[in-house]
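*Asks:*
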Amino acid sequence: MAELKIGEPVQVAMTNAEETLESGSKLAVEPDTSMLEYDQLQRQLLLMTITATGVIFVAVCCFYPLDVALNYLVGAAVGIIYLRMLGKDVEKLGRGKKKLSQNRILILAGVIIVATQLHQLKILPIFLGFLTYKVALMLYVLITVFTPKPK
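Residue 1 is where the sequence shown starts when you use the UniProt record's numbering, and the numbers rise one by one after that.
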C-alpha cells in the first residue's frame, strides 16, 4: 500500500464511473447527464440513418438498376461515417476545442473524386446517398416536435 505525502502528485486512473487512487480507495463519479443524453441522441440518429438507408435502398432497387442502388449505398455509407465523425467532433467541443474541424468533408470529396474517375460509380446517387443522414435529422426533429412530452 502506497503512502501519500504532502506535495507529491497523486496518480488517478479512470475506470467505468469510478476513480481509483493509488492508495486503492475508490471514489464514485456521477456520469454527466447531458453527456448521457448526447450519447443517446447520437445512437438514435445513427439508428434512424441506418433505417432510412435501408428503406431508401430497397425503394431505389425497385425503381432503378442495381448499380444505381449500390452507388446510393456507397454514398449513404459515407454519410453514416460523416455523421459519426461529426458526433465525435461535437463531443470534443468545449473541452479545449474551440471550433469544429472540416476534415470529415474530405471523405465525401474523396468519394466524389473517385466517382469522376471510375465509370462504374455515378456522382448523383452517391451524393443523394450521402444526404440520407439529413433525412434522419429531419425525421428526428419532426418526431420531437410533434410527439407530446409526458407530464
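Just so it is clear, CB atoms sit at the ideal spot from N, CA and C, and this is done for glycine as well. What you are looking at is a predicted structure, and each value in this text was computed from that prediction instead of being measured.
What residue does the alpha helix (DSSP H) around K151 start on, and which one ends it?
*Replies:* Element bounds for K151: n/a, residue is neither H nor E.
*Asks:* Can you tell which of L45, Q40, V74 has the C-alpha that lies nearest to the C-alpha of Q120?
*Replies:* The residue with the shortest Cα to Cα distance from Q120 is V74.
*Asks:* Run through DSSP, which three-state label would K99 get?
*Replies:* Here K99 sits in coil by DSSP.
*Asks:* In chain order, what residues of the same chain lie with their CB nearer than 6 Å to the CB of L137, ignoring the 5 residues before and after it?
*Replies:* Nothing listed; no residue qualifies.
*Asks:* I believe Y82 touches I107 by the beta-carbon criterion, under 8 Å. Please report the beta-carbon distance rounded to the nearest angstrom.
*Replies:* With a Cβ gap of about 6 Å, Y82 and I107 count as contacting.
*Asks:* On the criterion of 16 or more Cβ atoms from any shown chain inside 10 Å, does T147 qualify as buried, or is it exposed?
*Replies:* T147 is exposed by the Cβ-count criterion.
*Asks:* Which same chain residues, not among the five before or five after A52, have their C-beta less than 6 Å away from its C-beta?
*Replies:* For A52, where only same-chain residues beyond five positions count, the Cβ hits under 6 Å are T132, V135, A136.
*Asks:* Please return the same chain residues whose Cβ sits closer than 8 Å to the Cβ of I123, not counting the five positions on each side in sequence.
*Replies:* Within the same chain, I123 has close Cβ partners I112, A115, T116.
*Asks:* Am I right that R84 and L46 are in contact with their C-beta atoms under 8 Å? What's the rounded C-beta distance?
*Replies:* At roughly 7 Å, the Cβ-Cβ gap stays under 8 Å, so R84 and L46 are in contact.
*Asks:* Who are the near neighbours of residue 157 in its chain, counting only those whose CB is closer than 8 Å to its CB and skipping five residues on each side?
*Replies:* In this structure the chain extends from 1 to 151, so residue 157 is not present and cannot be described.
*Asks:* From the DSSP output, read off the bridge partner residues of L93.
*Replies:* According to DSSP, which records beta bridges pairwise, L93 is partnered with K97.
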